[in-house]
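Trainee: Dumping the structure here so I can ask a few things about it.
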Amino acid sequence: MTDSEERGGAGSAETWKRHIVRQLQNRDRNQHTKFQDLIRFYTQLLEKTSLAKGILSCSTRHTPSDNGSSISALLHQNNQLRKTTGELAYKVVEMQQQIKIKESFLDEQHARLLEEECRLAVALHAHQELQERVDRVKVENRALKLEYDTLLEQQRQEERRLREENDRGVHLVEDMIHLKQQAAVRMNSRNERRSRARAMNLTTARSKVAIDSSSSAPTSRSTSPKSEDQDDCSDRRHTRLFRSASVTSPRFLSSIKQLFDRKRRGRSVCSLEEDLMCPVGVCVSARVPARALQVLEAHEQGINAVKFSTSSDLLATGGTDRVIKLWEVRAGSLTHKGTLDGSTEGITCIEFDPTGLRVLAASYDKSALLWRRDDPIPKLTLTGHSRKVTAARFSGSLHQVVTGSADRTIRLWDLHRAACVQLLRVTSYCSDLVCSENCIVSGHYDCKIRVWDARAASCVQELPAQGKVTSLDISADHRQLLSCCRDDCLQLVDLRRWSNDRMCFRADGFKCGSDSTKAVISPDGCFLAAGSADGAVYIWNVSTGNLESHLPDKHSSSISAVSWSLSGEYVVSVDKSKWAVLWSDI
Amino acid sequence: MAETGPSVEFSTSLTSSSLPPPRTRIFKIIVIGDSGVGKTCLTYRFCAGRFPEKTEATIGVDFRERLVEIDGEKIKIQLWDTAGQERFRKSMVQHYYRNVHAVVFVYDVTNATSFRSLPAWIEECKQHALGTEVPRILVGNKCDLQDSIQVSTDVAQQFADLHSMPLFETSAKNPNSQGDGTYGGGNSDHVEAIFMTVAHKLKSQKPLVLSQPPGGSGGTINLSSGVNDRGDGSRSWGCSC
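Residue numbers (the UniProt record's numbering), protein chains in the order written: chain A, 1 to 586; chain B, 1 to 241.
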């Protein structure tokens, strides 16, 4: 446009042209202001761009310069990276493989775990079962233990019983052996006695043969000369059958029996020549008892009196229980043979008559009684005393009896008439009496022993004693008188001299137990026997004056009486508590 | 305690005090030996004539007696059957040997120990002051048990000779089955023969006065002439009585 205005205004040429230049300038200025900002912005932009270019150029300035090396480096880098990538990839693969392995392992582990769990469960179950079983077993065990304990206890008891039984067995064996020993001793002593008897027979036979050379009476075979006897005997025997040992010829037997009977009566050599009615005889020797053969409860109450019969095979005991018991003495033991009753009170004294067939007793019931020994009913009752009868004895003859009583009298009785024939008055209680041929000796509580002449009925002599006289005994030969006093002393007086010299026998421990304690002289006169209050039997030797033997422990209470058999073999003691003891030397 | 039957009669007869007539002599013979050798059976056999059915250990001693007639004289043979067990004899020994007339030692042929302890028994016998003056014999029992014999006859015979005793082998159970032919056998009872031999010997040996030595004129009593030849040998039993 501008170019078109300038060519049309050439005339006015310079005016129009100037206007056109100003107009143009103006437009220019307007336009220019309008774009100033833009330019400034642009320049700013440019500046910025150039700055950026500068930065860029700066950064890229040497790039183009190292281009080649950088590329190779890059390539190298690239390669390296690729390599790394490959390695990594490989690793990845490996890892993955490992993972797989691990996983399988894990699976396996899982499986095993499961399995283990199963097993565990099973085990637990089993455990539980076992636990139950344990419990059960425990219970059972407890029961068993209980059972065991009871069994143990039982066993212990059984063992104890076994021990006890064993002990008992041992005791029984000991007892048995003891018995057997006694039997052996008895057997030996029997054998010895027999051989002694044989020897004695033979000696008598020899002496007889010496006196009378002709063959002796047929009844006593042992006194015939042995050679004849033997021939005779063997002749007779040879006709018999072989070993008819048990068959015994009656003749033979009876002869032996007779022989034996005769021997029995006296138990002595000289008895053969003696009067058969008076077998008072002489005992060859009394044997000092050493052992109790038998201890028995003889009565129901205390025993006061004991006496052997004259043949020594019968014993009578009498006690407070009012009866007299007869005992057979056989082979070292007492067998009850009979009872004599009839007394209304206790028995104080017993006596056998010289034949041994009758028994006389004194009683508390103020009477004396006489029995035949085989009849329990009394044959005679002698009444007349006013107090208890303390002693009853046969005087020298068989039909006369003397009694002493607490009523201070001594009475003589005739058995044929059953009546009192004489009365002796004394000043004191009579405790015991004995009879010699023609005299009566009585012991009294006033410490005196009085000697009476039975025919004249007068007191011949008074002997002093040391205390109340409890019993009297006279020796078999009627020479010595034994008295027992309450001063615990036994006195032996020689009756032949009537002097005052006497022997006293004492012992430690010996104590006279009662007012009726009875002491005895042995049948051979060599010993004295008495029972003490302590239950022991004391035996003194007359020749030495010393205590010979002391037999304690069998009686538990005071001994009231003792008796010595006429054979000298046995002694019996009786006590206040119903016991009787048979003593012997074997 | 082992006694049954007839032996009870013996013991009761022994307790009675009715002594037999003193004419009969008594020979006390003790039977000694180990326990279980058959002493009880042997004595029972002789006294009761048969074998006991049942025996127990003897305690202490048992007595058996038998009356025999030898040459017209009645003789009581008193056998002391002693206990073999020590605990059952204890304090009894002295009683056994007291006044004994003969000793019979017994052993068991089927038990060598019982034979070996014989010297001890013989020693005990000697100790009790018997020495050799008392007739002693040796008996081997149970010889019916032929299969289990432990002690031969030869050995026993030697022993017996050494101690100068006659030897017998027998059986209390079956005395007829005597193995040794020298003793005749036959139907006789060997146990009886043994004791009868002893009795013969005792009778021939002992004068009639037993306890007292015949003083001075004692020769009048010796009546044993004519029997001396019978008792000394073991063969003499055959014609006993």
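Using N, Cα and C, we set each Cβ at its ideal position, and we do this for glycine too.
Quick caveat, the model's predicted, so the values are computed rather than measured.
Tell me which residues of the segment 166-196 of chain A have at least one Cβ-Cβ distance to chain B shorter than 8 Å, keeping chain order.
Mentor: If the cut-off is 8 Å between Cβ atoms, the segment 166-196 of chain A has Val173, Met176, Ile177, Leu179, Lys180, Gln181, Ala183, Ala184, Val185, Met187, Asn188, Arg190, Asn191, Glu192, Arg193, Arg194, Ser195, Arg196 near chain B.
Trainee: Looking only at DSSP bridge pairs, what is Val469(A) linked to?
Mentor: For the purposes of this step, residue 469(A) is taken as the residue at position 469 of the first sequence. BP columns for Val469(A) point to Cys485(A).
Trainee: What distance in whole Å lies between the Cβ atoms of Ile137(B) and Met165(B), which are believed to be in contact at a cut-off of 8 Å?
Mentor: Taking the second sequence and counting its residues from 1, one reaches residue 165(B) at position 165. Taking the second sequence and counting its residues from 1, one reaches residue 137(B) at position 137. Contact flag correct, Cβ pair sits at about 6 Å.
Trainee: Grab me the residues of Val581(A)'s own chain with a C-beta within less than 6 Å of its C-beta, minus the 5 sequence neighbours each way, in chain order.
Mentor: To locate residue 581(A), count along the first sequence from 1; it is residue 581. Result list for Val581(A): Ala292, Val295, Lys554, Ser573, in chain order.
Trainee: Using a threshold of 8 Å, state whether the C-beta atoms of Val542(A) and Leu463(A) are closer than that.
Mentor: Mapped onto the first sequence, residue 542(A) falls at position 542. Mapped onto the first sequence, residue 463(A) falls at position 463. Cβ distance not < 8 Å, so Val542(A) and Leu463(A) don't count as in contact.
Trainee: Could you pull the start and end residues of the alpha helix (DSSP H) that Asp161(B) belongs to?
Mentor: Position 161 of the second sequence, counting from 1, holds the residue named residue 161(B). It spans 153-162 - the alpha helix (DSSP H) in which Asp161(B) sits, taken as one unbroken run.
Trainee: Under 8 Å, do Arg411(A) and His444(A) count as touching if we go by C-beta distance?
Mentor: Along the first sequence, one-based indexing puts residue 411(A) at 411. Along the first sequence, one-based indexing puts residue 444(A) at 444. No, they are not a contact pair.
Trainee: Please identify, using Cβ separations under 7 Å, the residues of the segment 40-71 of chain B that lie next to chain A, in order along the chain.
Mentor: The residues in question are Ile59, Gly60, Val61, Phe63, Leu67, Val68, Glu69, Asp71.
Trainee: By Cβ distance below 6 Å, which residues in the same chain neighbour Phe115(B) in space, the five residues on each side in sequence not counted?
Mentor: Along the second sequence, one-based indexing puts residue 115(B) at 115. Answer for Phe115(B): Tyr107, Val151, listed in chain order.
Trainee: My parser needs the beta strand (DSSP E) runs of 3 or more residues fully inside the segment 99-129 of chain B; what are they?
Mentor: 102-108, all fully within the segment 99-129 of chain B.
Trainee: Got a sec: is the Cβ-Cβ distance from Arg98(B) to anything in chain A below 8 Å?
Mentor: For the purposes of this step, residue 98(B) is taken as residue 98 along the second sequence, with counting starting at 1. Yes, Arg98(B) counts as interfacial toward chain A.
Trainee: In chain A, what lies closer than 8 Å to Ser91(B) by C-beta?
Mentor: Taking the first residue of the second sequence as 1, we reach residue 91(B) at position 91. Within 8 Å Cβ-Cβ: Ile177, Gln181.
Trainee: Closer than 7 Å by beta-carbon distance: list the chain A residues that pair up with His95(B), in chain order.
Mentor: Position 95 of the second sequence, counted from the start, is the residue given in the question as residue 95(B). In chain order: Gln181, Ala184, Val185, Asn188.
Trainee: Look up Asp432(A) in the DSSP assignment and give the residues it is bridged to.
Mentor: Residue numbering aside, residue 432(A) sits at position 432 when the first sequence is read from its first letter. DSSP output for Asp432(A) lists Gly443(A) as bridge partner(s).
Trainee: How would you list, in chain order, the residues of chain A whose beta-carbon sits under 7 Å from the beta-carbon of Lys28(B)?
Mentor: For the purposes of this step, residue 28(B) is taken as the residue at position 28 of the second sequence. Simply Asn191.
Trainee: Please state whether DSSP places Cys118(A) in a helix, a strand or coil.
Mentor: For this step, residue 118(A) is matched to residue 118 along the first sequence. In this structure, Cys118(A) counts as helix in the three-state DSSP scheme.
Trainee: Consult DSSP for Asp147(B) and reduce its assignment to one of helix, strand or coil.
Mentor: The residue given as residue 147(B) occupies position 147 in the second sequence. Asp147(B) falls in the helix class under three-state DSSP.
Trainee: Could you give the distance in angstroms between the alpha-carbon of Pro225(A) and the alpha-carbon of Ile29(B)?
Mentor: Against the first sequence, residue 225(A) aligns to sequence position 225. Against the second sequence, residue 29(B) aligns to sequence position 29. Caution applies to Pro225(A), whose pLDDT of 40 falls short of 50 and renders its modelled position unreliable; the value that the coordinates give is listed next. Answer to the nearest angstrom: the Cα atoms are 29 Å apart.
Trainee: Going by DSSP, name the residue or residues bridged to Cys504(A).
Mentor: Residue 504(A) sits at position 504 when you count from the first residue of the first sequence. DSSP lists Gln491(A) as partners of Cys504(A).
Trainee: Which residues of chain A have a Cβ atom closer than 8 Å to the Cβ of Phe88(B), listed in chain order?
Mentor: By one-based count along the second sequence, residue 88(B) stands at place 88. Under the 8 Å cutoff, chain A gives Val173, Ile177.
Trainee: Counting Cβ pairs closer than 8 Å, one from the segment 96-105 of chain B and one from the segment 45-54 of chain B, do we hit at least three?
Mentor: Flag = no, the segment 96-105 of chain B and the segment 45-54 of chain B do not touch.
Trainee: Rounding to the nearest angstrom, what Cα-Cα distance links Gly535(A) and Thr110(B) in this structure?
Mentor: Here the question's residue 535(A) lines up with position 535 in the first sequence. Here the question's residue 110(B) lines up with position 110 in the second sequence. If I take the Cα positions, the gap works out to 57 Å.
Trainee: Are the segment 392-404 of chain A and the segment 424-436 of chain A touching by the rule of at least three beta carbon pairs closer than 8 Å?
Mentor: Judged by Cβ distances under 8 Å, the segment 392-404 of chain A makes contact with the segment 424-436 of chain A, as three or more pairs qualify.
Trainee: Compute the distance between the beta-carbons of Ser442(A) and Val426(A), then report whether it is under 8 Å.
Mentor: Translated into positions along the first sequence, residue 442(A) becomes position 442. Translated into positions along the first sequence, residue 426(A) becomes position 426. Yes, Cβ-Cβ distance for Ser442(A) and Val426(A) is below 8 Å.
Trainee: Short check: CB of Ala561(A) to CB of Asn304(A), under 8 Å?
Mentor: Mapped onto the first sequence, residue 561(A) falls at position 561. Mapped onto the first sequence, residue 304(A) falls at position 304. Taking 8 Å as the Cβ cut-off, Ala561(A) and Asn304(A) qualify as a contacting pair.
Trainee: With a threshold of 16 other CB atoms inside 10 Å of the CB of Phe505(A), please say whether the residue is buried or exposed.
Mentor: In the first sequence, the residue the question calls residue 505(A) occupies position 505. Buried, by the Cβ-count rule.
Trainee: In this structure, does DSSP put Leu276(A) in helix, strand or coil?
Mentor: Position 276 of the first sequence, counted from the first residue, corresponds to residue 276(A). Reliability of the predicted coordinates at Leu276(A) is poor, the pLDDT of 37 falling under 50, and no value is obtained from them.
Trainee: Since Ala418(A) and Ala392(A) are thought to touch, with beta carbons under 8 Å apart, how far apart are those beta carbons, to the nearest angstrom?
Mentor: Residue 418(A) sits at position 418 when you count from the first residue of the first sequence. Residue 392(A) sits at position 392 when you count from the first residue of the first sequence. Not confirmed; about 14 Å, so no contact.
Trainee: Identify the residues that DSSP records as bridge partners of Lys554(A): which are they?
Mentor: Numbered from its first residue, the first sequence carries residue 554(A) at position 554. Answer is none; Lys554(A) lacks a bridge partner.
Trainee: Mind listing, in chain order, the continuous beta strand (DSSP E) runs of no fewer than 3 residues lying wholly within the segment 147-195 of chain A?
Mentor: List check, beta strand (DSSP E) in window: nothing returned.
Trainee: Please name the residue in Val139(B), Asn99(B), Val198(B) whose C-alpha comes closest to that of Lys39(B).
Mentor: In the second sequence, residue 39(B) corresponds to position 39, counting from 1. Per the Cα distances, Val139(B).
Trainee: Near Arg89(B), which residues of its chain fall below 6 Å by C-beta distance, leaving aside the five closest residues on each side in sequence?
Mentor: Position 89 of the second sequence, counting from 1, holds the residue named residue 89(B). Ala83, listed in sequence order.
Trainee: So Phe27(B) is in the beta strand (DSSP E); what residue range does that whole segment cover?
Mentor: Translated into positions along the second sequence, residue 27(B) becomes position 27. Segment 25-33, the beta strand (DSSP E) holding Phe27(B).
Trainee: Determine the contact status of Ala199(B) and Phe27(B), defining contact as a CB-CB distance below 8 Å.
Mentor: Sequence index remark: in the second sequence, residue 199(B) carries index 199 (1-based). Sequence index remark: in the second sequence, residue 27(B) carries index 27 (1-based). A contact, by the Cβ cut-off of 8 Å.
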